[in-house]
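Enquirer: For the sequence shown, our numbering gives the first residue as 645, with consecutive numbering after it.
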Amino acid sequence: MTARLLEGKLFARMIKDEAKQAAEALKPSLGRMPGLAVVIVGEDPASQVYVRNKERACEELGFFSALIALPKETCKEELLAEIDRLNANRRIDGILVQLPLPRHLAEAEAEIIERIDPRKDVDGFHPVNIGRLVAGERSLVPCTPAGCMKMLALAGIPVEGKRAVIIGRSNIVGKPISHLLLAENATVTICHSRTENLPAIAREADILVAAVGRPNFVTADMVKPGATVIDVGINRIAPKKLVGDVDFEAVREIAGAITPVPGGVGLLTIATLMANTVEAARLQMEGKRERTK
Ligand code: GUN
645 MTARLLEGKL FARMIKDEAK QAAEALKPSL GRMPGLAVVI VGEDPASQVY VRNKERACEE
705 LGFFSALIAL PKETCKEELL AEIDRLNANR RIDGILVQLP LPRHLAEAEA EIIERIDPRK
765 DVDGFHPVNI GRLVAGERSL VPCTPAGCMK MLALAGIPVE GKRAVIIGRS NIVGKPISHL
825 LLAENATVTI CHSRTENLPA IAREADILVA AVGRPNFVTA DMVKPGATVI DVGINRIAPK
885 KLVGDVDFEA VREIAGAITP VPGGVGLLTI ATLMANTVEA ARLQMEGKRE RTK
């Protein structure tokens with residue numbers, strides 16, 4: 645039987661609708677709709693597409709959005725000063741610095757991310773937010789992993805007690821999604837480039853997450869019949885052809901549910917960014933209330 649297709653469009657719509665409702669519920673106490681600032685340095689074409697889509701999503705939901713486009717030769721000090729201004733800007737609830745940064749700034753990436761006020765860190769990349777996630781505390785969570793979890797919940801796919809195998813250990817996807825699955829009581833295994841017998845481990849998964857960045861890495865023999873397969877890969881194999889990490893046509897005949905690429909989890913990322921912007925606004929408002937008590 646062919647797998648159930650988990651289409652990103654449907655779940656992204658639900659996540660955005662929920663974020664809009666939450667923003668409108670918050671508006672009377674916040675005095676305005678939430679605001680997101682996106683900082684882009686240089687002219688990476690893929691980044692420019694993402695940034696435009698983020699602005700479009702803000703517009704669609706009635707959020708305030710600020711785009712700070714800095715020239716590619718911007719130095720670290722200038723970028724940090726911009727982050728300081730956004731941290732202090734009361735109209736801005738969420739700050740996102742688009743990655744990758746130009747080469748001369750790449751080695752300062754950690755310092756740049758750490759300059760963002762953790763309560764405004766809608767990417768969930770700040771060590772404070774990573775620490776809170778690992779500790780099982782309320783935090784801002786990286787958008788793609790949070791979107792995948794929301795999709796599982798909305799699709800009615802159970803996580804508790806299930807075997808989850810994640811292929812890939814990146815800070816943006818692999819590590820955070822493993823903690824989110826653990827928090828939902830899955831039994832979690834993380835595989836990576838040095839893992840021995842990876843296909844056998846993958847075959848034990850009820851939920852298999854592929855986040856390696858290699859086309860056709862997950863083949864049908866690595867998938868347990870009926871498993872849920874989440875493909876987080878985005879690989880450009882020709883100027884106009886994007887594929888995931890999963891051999892989609894073969895795996896869809898084995899899996900119980902599968903996300904396509906394109907049209908899968910990629911669409912959840914920006915929808916979740918909107919939800920995170922509302923959460924950031926709420927966190928800061930609650931923080932202010934605490935301090936004036
Ligand atoms: N570049 C690609 N994906 C992302 C993301 O989720 N956040 C940021 N800041 N940059 C990205």
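Here a beta-carbon is modelled for each residue, glycine too, at the ideal position from N, C-alpha and C.
CA-CA distance, R782 and V905?
Expert: The straight-line gap from Cα to Cα measures roughly 31 Å.
Enquirer: Could you work out which residue in V909, R763, G900 and L824 is closest to L927 when comparing CA atoms only?
Expert: Nearest option by C-alpha distance: R763.
Enquirer: Going residue by residue through the region 719 to 745, where are the continuous alpha helix (DSSP H) segments of at least 4 residues, counting only ones entirely within it?
Expert: If we require 4 residues or more, the alpha helix (DSSP H) runs fully inside the region 719 to 745 come out as 720 to 732.
Enquirer: For G768 versus G679, is the C-beta spacing smaller than 9 Å?
Expert: It is not a contact, given that the beta carbons lie outside the stated cut-off.
Enquirer: Just to confirm, are V785 and V876 a CB contact at a threshold of 9 Å?
Expert: Against a cut-off of 9 Å, the Cβ pair of V876 and V785 comes out as no contact.
Enquirer: State yes or no: is the C-beta of I851 within less than 9 Å of the C-beta of I801?
Expert: Cβ distance < 9 Å, so I851 and I801 count as in contact.
Enquirer: Grab the span of the beta strand (DSSP E) containing A799 for me, first residue to last.
Expert: Not the beta strand (DSSP E): A799 falls in the alpha helix (DSSP H), residues C787 to A799.
Enquirer: Helix or strand or just coil, what does DSSP make of N942?
Expert: The requested residue 942 does not occur in the structure, where the chain is confined to residues 645 to 937.
Enquirer: Given 8 Å as the limit, tell me if V905 has its C-beta closer than that to any heavy atom belonging to the ligand GUN.
Expert: No, the ligand GUN has no heavy atom inside 8 Å of this Cβ.
Enquirer: Among R896, M929 and L714, which residue has its Cα nearest to the Cα of A647?
Expert: Answer by Cα proximity: R896.
Enquirer: Between the alpha carbons of D761 and I774, how many angstroms are there, rounded?
Expert: Distance between the alpha carbons of D761 and I774 is about 13 Å.
Enquirer: If you check the beta carbons only, do L705 and A667 fall under 9 Å apart?
Expert: It is a contact, given that the beta carbons lie within the stated cut-off.
Enquirer: Between A919 and A790, is the Cβ-Cβ spacing less than 9 Å?
Expert: For A919 and A790, yes; Cβs fall inside 9 Å.
Enquirer: Is the region 871 to 890 in contact with the region 900 to 914, if contact means three or more CB pairs nearer than 8 Å?
Expert: These segments touch.
Enquirer: Would you report the Cα separation of P672 and K716, rounded to the nearest angstrom?
Expert: Their backbone Cα atoms lie some 40 Å apart in a straight line.
Enquirer: On the criterion of 16 or more Cβ atoms from any shown chain inside 10 Å, does L745 qualify as buried, or is it exposed?
Expert: Result: buried.
Enquirer: Suppose only complete runs of 4+ residues qualify. What are the alpha helix (DSSP H) ranges in the region 813 to 845, listed by chain order?
Expert: Whole alpha helix (DSSP H) segments, 4+ residues: 818 to 827.
Enquirer: Could you have a look at K664 and say whether DSSP puts it in helix, strand or coil?
Expert: Correct three-state label for K664: helix.
Enquirer: Please determine, among M795, M866, P843 and A915, the residue with the shortest C-alpha to C-alpha distance to L649.
Expert: The option with the nearest alpha carbon to L649 is M795.
Enquirer: In whole angstroms, what is the alpha-carbon distance linking S822 and V832?
Expert: In a straight line, the C-alpha of S822 is about 6 Å away from that of V832.
Enquirer: Have a look at the DSSP bridge pairing and note the partners of K868.
Expert: None, per the DSSP bridge assignment.
Enquirer: Sort out for me which residues DSSP pairs A713 with in a bridge.
Expert: Answer by DSSP bridge pairing, in chain order: I684.
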